[in-house]
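Written out below as structure tokens is the structure these notes cover.
Numbering (the working numbering), first residue to last: 348 to 477.
Here it is in structure tokens:
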């Protein structure tokens, strides 16, 4: 069976898309999509990706009017949280350390929920069958 090889893009609407794209690039390092095809796109590191539908009331997804939650893998959660907080961004780090890693939560300037994940356990290593 042919399978997809990863997420090729994540697109969502914003009230001020240009400012929102700038925010993601400045604070999370997600390179903006170029104006010309030759400009290229953001390249992410290889690693685990959770892909799951959740009930409306799922913990951590933000207010029920949000239809999605973006989760970014990070190599060092504490360093990323410190960087964001030094820029005046409110970040909530979960106290619980889960078998698959640690998590933190924040919102972009338009209130969209973002989750940061520092993988651990079995998610920290690529399975041999993948």
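The C-beta atom is built at its ideal place from N, Cα and C for all residues, glycine as well.
None of these values were measured; they are calculated from a predicted model.
Scanning 357, 376 and 352 for the CA closest to the CA of residue 417 turns up 357. Here residue 389 is near residue 378, since their CB atoms are less than 8 Å apart. Counting along the chain, the unbroken alpha helix (DSSP H) around residue 429 starts and ends at 424-433. Residue 440 holds the alpha-carbon nearest to the alpha-carbon of residue 423 among 415, 440 and 469. According to the DSSP assignment, residue 364 belongs to the alpha helix (DSSP H) that extends over 364-375. By the 16-neighbour rule on beta-carbons within 10 angstroms, residue 429 is exposed. Within 10 angstroms of the beta-carbon of residue 442 lie fewer than 16 other beta-carbons, which makes it exposed. Residue burial annotation: residue 451 is buried, with at least 16 other C-beta atoms found within 10 angstroms of its C-beta.
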